[in-house]
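As structure tokens, the structure follows; a few thoughts come after it.
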Amino acid sequence: MKLVYLIIGVILFLSLIYGEIYEYRGVVFYPNGSQNVDISKLYINYENPESFNIYIYYRNISIYIPYPKNITINLPPKKFKISIFISANKINDKWVVYYKIINNYSYNILFNVTFPDGFNIKSISVLVPSHSYKIITLSKIDNSPTLHFGEHNISFNVPGKVKIRYSIPIPFSIIKSNKILINGSIEWTATYIIKNTKSVPLNINVSYWAKVNNRKINFGNYSYILYPNENITKTFSIISNYVPIFYIKFYDWRDIYENITIKPALKVGNSYIIGLAKVEGINFTTSKKMYISTITKSKNTQKNISIANKEEIKNTSSKSNLEQKTSNITTSKNKKLKRENVPLLISINEKKIKYAIIGVTTTIVTSLLTLLISLLFRKTVDIVDNGIFTIEDLEELYSTVYVPEGCKLGKILPGGITIVELNDIEKDLAKNLHETYNIPLNSAKAIVLGIKYGGRVFLSDEKAQEIALKIGLEVYPFLGGKVK
1 MKLVYLIIGV ILFLSLIYGE IYEYRGVVFY PNGSQNVDIS KLYINYENPE
51 SFNIYIYYRN ISIYIPYPKN ITINLPPKKF KISIFISANK INDKWVVYYK
101 IINNYSYNIL FNVTFPDGFN IKSISVLVPS HSYKIITLSK IDNSPTLHFG
151 EHNISFNVPG KVKIRYSIPI PFSIIKSNKI LINGSIEWTA TYIIKNTKSV
201 PLNINVSYWA KVNNRKINFG NYSYILYPNE NITKTFSIIS NYVPIFYIKF
251 YDWRDIYENI TIKPALKVGN SYIIGLAKVE GINFTTSKKM YISTITKSKN
301 TQKNISIANK EEIKNTSSKS NLEQKTSNIT TSKNKKLKRE NVPLLISINE
351 KKIKYAIIGV TTTIVTSLLT LLISLLFRKT VDIVDNGIFT IEDLEELYST
401 VYVPEGCKLG KILPGGITIV ELNDIEKDLA KNLHETYNIP LNSAKAIVLG
451 IKYGGRVFLS DEKAQEIALK IGLEVYPFLG GKVK
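Counting in our numbering, the sequence shown runs from 1 upward without gaps.
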């Protein structure tokens, strides 16, 4: 029966909560991942229809609300566990902006972003998993060597909890009686009764004592859980020829934890718009192949290391003969994979992969599509996902061979081999491909380089070959060792 009382009591007690509580923080995010929070406030619009004593405990602060009240409590400023990084690159006549949101909370957060005017995406909603990130890729046709990515707004809600303690007046009584003992002494008896007249269980701390001729006699301190319509009855006796006075002191309460939201706030003049945050703008300027922001300068991340002799086949007829030979070898061995004209948003039979493709639309697909634009303008290269070659491999490869960083190199190498280091954005894309489609990381890097530079892509992993084909790359199976 007590369990039933407890369940019913919790439901009824929750119905006694009236009003609204949330925290808001005046915050400005910067494109280099930093932020500034100038205020943190707890807003309380709380009614008190049962005349409870209400205490709210939040972030090591206790707030007492004795009557219906609409108040705002100042809190120490606290930053959000959220970072925003904005970088950019220019491909031909198009600026590409990579907008990275990092969520360091232990739960998923939905972000709504309104971007500056002029880009292919005006606004977007993106769910960022806990302790993870999402990259949104934007583009803008602009021949200018500089790009101003203006300030804009972002909105989100972060879950939080407050402890609310209700203290509720309940009735009590003390019944005093006495009797004369055989030896002529007087025995005094006090019966204490505390009754829970509320519809919820209550925690109770009680102290009992008596005073006899200015002498205090303690009967003890007790703690109870008193269920609805139940009584606590305690009896104490003392022997005294003086008339005692019996006392009781008790405190009853009910603690609940209420979910609240923590919201950003946008300062406008002397007021704040609750629910919005400002992201500061940033300028980008072209500098040959790399683009440096005015806030954070990125180091050169495109590093080519020559591994062997960089011999070029300058004779046209020789090159033609080599290509013909390569074609003959490829045809005879039936090594070329069939190209498929399918859209980038594909549906693979495995449910897990199908779900992953849909879930990473903004982080992978948009970025890949942006890089694909430049395929027609790239020189012909071969890209492989492994640095261990066979003689047959060397016969089929062109004079320029790109191998992504991290691949183990063998003793036999092509003459024009170059180890290519990926920049941060390309590494993120490769990581996403690797984790989403469960393909080797080096194969994912090779796919990203294939999208960037064009040419033929040689892959050791069959699943990676399928993914690359569906993206639209020219894919061949690689004859070298297994990808590591």
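For glycine and all other residues, C-beta sits at the position ideal for the given N, C-alpha and C.
- A distance of 9 Å or more separates the beta carbons of P66 and N74.
- When Cβ pairs closer than 8 Å are counted between the two stretches, the stretch 111-124 is seen to touch the stretch 143-161, the count reaching three or more.
- Where D255 is concerned, the enclosing beta strand (DSSP E) starts and stops at I245 to V268.
- Residue nearest to Y43 within the set V268, V162 and S399 is V162 (criterion: CA-CA distance).
- Cβ contact annotation for T233 (same chain, cutoff 6 Å, sequence separation greater than five): I193, in chain order.
- In its chain, beyond the 5 residues on either side, L394, L397 and V401 have a beta carbon closer than 6 Å to the beta carbon of P414.
- Judged by beta-carbon spacing, E23 lies within the 9 Å limit of S40, meaning their Cβ atoms are closer than that value.
- In the three-state reduction of the DSSP assignment, G450 falls in the helix class, which pools H, G and I.
- In the DSSP assignment, K470 falls within the alpha helix (DSSP H) that extends over E462 to I471.
- Per the DSSP secondary-structure output, H148 pairs in a beta bridge with N283.
- Under the DSSP assignment, T189 falls in the beta strand (DSSP E) whose first and last residues are I186 to K195.
- In this structure I136 is buried. Its beta-carbon is surrounded by 16 or more other beta-carbon atoms within 10 angstroms.
- Counting along the chain, no alpha helix (DSSP H) covers T233; the unbroken beta strand (DSSP E) around it starts and ends at N231 to I239.
- Membership of K94 in the beta strand (DSSP E) is indicated by the continuous run K94 to N103.
- Contact between the stretch 198-213 and the stretch 253-264 is present: three or more C-beta pairs spanning the two stretches fall below 8 Å.
- Under the 8 Å Cβ criterion, the stretch 137-146 does not count as touching the stretch 169-189, having fewer than three qualifying pairs.
- If you draw a 10 Å sphere on the C-beta of V243, you find fewer than 16 other C-beta atoms in it, and that means exposed.
- Counted as a single uninterrupted DSSP element, the alpha helix (DSSP H) harbouring E392 occupies residues I391 to E396.
- Ranked by Cα distance from P477, the options Q465, N259, G387 and K94 are led by Q465.
- Under DSSP, P129 forms no beta bridge with any residue.
- Put simply, the backbone Cα of V97 is about 9 Å away from that of K90.
- CA-CA distance, N108 to T390, rounds to 47 Å.
- Distance from the CA atom of L473 to the CA atom of K267, rounded to whole angstroms, is 48 Å.
- Taking W95 as reference, the option from T285, D385 and A210 with the minimal CA-CA separation is T285.
- Counting of Cβ neighbours within 10 angstroms places K278 among the buried residues, the total reaching 16 or more.
- The alpha carbon of N432 has as its nearest neighbour, out of E462, I467 and R456, the alpha carbon of I467.
- When the five nearest sequence neighbours on each side are left out, the beta carbons in the same chain lying within less than 7 Å of the beta carbon of Y105 are those of K81, S130 and V158, in order along the chain.
- Around the Cβ of D93, a 10 Å sphere holds fewer than 16 other Cβ atoms; the residue is exposed.
- In this structure, the CA atom of S399 is about 48 Å from the CA atom of L110.
- The Cβ-Cβ distance between I425 and K408 does not fall below 9 Å.
- Here the alpha carbons of A210 and K216 stand approximately 6 Å from one another.
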